(Lines of atoms letter the chains of each structure in order from A and count residues from 1; the text may use other names and numbers.)
(Lines give C-alpha, C1' and ligand atoms only; values in the text may rest on other atoms or scores of the structure.)
Protein backbone atom coordinates (compact mmCIF):
# COMPACT_ATOMS: atom_id res chain seq x y z
CA UNK A 1 0.00 0.00 0.00
CA UNK A 2 1.51 3.31 -1.08
CA UNK A 3 1.33 6.74 0.47
CA UNK A 4 -1.27 7.84 -2.09
CA UNK A 5 -3.73 5.15 -0.98
CA UNK A 6 -4.42 6.66 2.47
CA UNK A 7 -6.54 3.72 3.52
CA UNK A 8 -5.36 4.14 7.09
CA UNK A 9 -5.75 7.94 6.97
CA UNK A 10 -2.33 8.44 8.53
CA UNK A 11 -1.31 11.91 9.62
CA UNK A 12 0.42 12.75 6.33
CA UNK A 13 -2.42 11.46 4.14
CA UNK A 14 -3.33 13.99 1.47
CA UNK A 15 -7.04 13.54 2.11
CA UNK A 16 -6.52 14.46 5.77
CA UNK A 17 -4.54 17.53 4.74
CA UNK A 18 -7.47 18.76 2.65
CA UNK A 19 -10.12 17.95 5.26
CA UNK A 20 -8.00 19.82 7.82
CA UNK A 21 -8.07 22.84 5.52
CA UNK A 22 -11.86 22.64 5.20
CA UNK A 23 -12.36 22.06 8.93
CA UNK A 24 -11.23 25.61 9.72
CA UNK A 25 -14.46 27.45 9.06
CA UNK A 26 -12.92 30.69 7.76
CA UNK A 27 -10.20 29.20 5.53
CA UNK A 28 -12.44 28.31 2.56
CA UNK A 29 -14.27 31.64 2.93
CA UNK A 30 -10.99 33.60 2.87
CA UNK A 31 -9.82 31.65 -0.18
CA UNK A 32 -13.05 32.42 -2.04
CA UNK A 33 -12.85 36.09 -1.02
CA UNK A 34 -9.39 36.26 -2.63
CA UNK A 35 -10.65 34.87 -5.96
CA UNK A 36 -11.09 38.38 -7.39
CA UNK A 37 -7.41 39.24 -6.88
CA UNK A 38 -4.96 40.57 -4.29
CA UNK A 39 -6.56 42.31 -1.35
CA UNK A 40 -5.63 44.06 1.86
CA UNK A 41 -6.88 42.83 5.23
CA UNK A 42 -9.36 45.68 5.52
CA UNK A 43 -10.94 44.74 2.19
CA UNK A 44 -11.11 41.09 3.25
CA UNK A 45 -12.86 41.98 6.51
CA UNK A 46 -15.44 44.00 4.57
CA UNK A 47 -15.89 41.33 1.88
CA UNK A 48 -16.29 38.48 4.36
CA UNK A 49 -18.47 40.38 6.80
CA UNK A 50 -18.65 38.45 10.05
CA UNK A 51 -15.00 37.46 10.53
CA UNK A 52 -13.09 38.79 13.53
CA UNK A 53 -9.64 40.31 13.13
CA UNK A 54 -8.15 37.42 15.13
CA UNK A 55 -9.88 34.73 13.05
CA UNK A 56 -8.79 36.42 9.80
CA UNK A 57 -5.19 36.65 11.02
CA UNK A 58 -5.13 32.97 11.98
CA UNK A 59 -6.70 31.94 8.70
CA UNK A 60 -4.27 33.99 6.60
CA UNK A 61 -1.32 32.55 8.52
CA UNK A 62 -2.55 28.97 8.00
CA UNK A 63 -3.25 29.51 4.31
CA UNK A 64 0.12 31.19 3.78
CA UNK A 65 1.92 28.37 5.61
CA UNK A 66 0.16 25.81 3.38
CA UNK A 67 1.23 27.67 0.24
CA UNK A 68 -2.30 28.63 -0.83
CA UNK A 69 -1.94 32.38 -0.22
CA UNK A 70 0.96 34.80 -0.61
CA UNK A 71 1.62 37.82 1.56
CA UNK A 72 3.37 40.71 -0.13
CA UNK A 73 4.28 44.02 1.40
CA UNK A 74 5.79 47.14 0.04
CA UNK A 75 7.82 49.55 2.14
CA UNK A 76 5.26 49.93 4.90
CA UNK A 77 3.20 47.50 6.94
CA UNK A 78 0.01 49.17 5.73
CA UNK A 79 0.66 48.09 2.15
CA UNK A 80 0.36 44.35 2.82
CA UNK A 81 -1.70 42.42 0.30
CA UNK A 82 -2.79 38.81 0.19
CA UNK A 83 -3.34 36.82 -2.99
CA UNK A 84 -3.98 33.28 -4.08
CA UNK A 85 -1.05 31.21 -5.27
CA UNK A 86 -1.48 28.99 -8.33
CA UNK A 87 -2.34 26.09 -6.02
CA UNK A 88 -4.81 28.23 -4.07
CA UNK A 89 -6.47 29.39 -7.29
CA UNK A 90 -6.78 25.80 -8.51
CA UNK A 91 -8.56 24.91 -5.26
CA UNK A 92 -10.88 27.93 -5.42
CA UNK A 93 -11.79 27.55 -9.10
CA UNK A 94 -11.99 23.75 -8.99
CA UNK A 95 -13.22 21.85 -5.91
CA UNK A 96 -14.45 24.88 -3.94
CA UNK A 97 -16.39 26.17 -6.96
CA UNK A 98 -18.03 22.75 -7.30
CA UNK A 99 -18.78 22.64 -3.58
CA UNK A 100 -20.25 26.14 -3.78
CA UNK A 101 -22.51 25.11 -6.66
CA UNK A 102 -23.57 22.02 -4.72
CA UNK A 103 -24.42 24.25 -1.74
CA UNK A 104 -26.54 26.50 -3.98
CA UNK A 105 -28.33 23.49 -5.47
CA UNK A 106 -29.01 21.77 -2.14
CA UNK A 107 -28.85 24.53 0.47
CA UNK A 108 -32.60 24.63 1.02
CA UNK A 109 -32.65 20.88 1.65
CA UNK A 110 -29.84 21.22 4.17
CA UNK A 111 -31.73 23.93 6.03
CA UNK A 112 -34.89 21.85 6.42
CA UNK A 113 -35.29 20.13 9.77
CA UNK A 114 -35.01 16.36 9.60
CA UNK A 115 -37.17 14.18 11.83
CA UNK A 116 -35.02 11.71 13.71
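Numbering (this note's numbering), first residue to last: 28 to 143.
The beta carbon of each residue, even a glycine, is placed where N, CA and C say it ideally should be.
Bear in mind that the values here come from a model prediction, so they are computed numbers and not experimental data.
Based on the DSSP output, what are the partners of residue 101 in its beta bridges?
-> Paired residue(s): none; residue 101 is not in a bridge.
When the distance is taken between beta carbons, is residue 62 closer than 8 Å to residue 107?
-> Against a cut-off of 8 Å, the Cβ pair of residue 62 and residue 107 comes out as no contact.
Put residue 111 into one of helix, strand or coil per three-state DSSP.
-> Strand at residue 111.
Taking the alpha carbon of residue 87 as the point to measure from, which residue in 135, 58, 127, 137 has its own alpha carbon closest?
-> Looking at the Cα atoms, 58 is the closest of the given residues.
Reduced DSSP secondary structure (H/G/I, E/B, other) of residue 78 | Reduced to three states, the DSSP call for residue 78 is coil.
Taking 8 Å as the cut-off, decide whether the C-beta atoms of residue 51 and residue 98 are in contact.
-> Not closer than 8 Å, so no.
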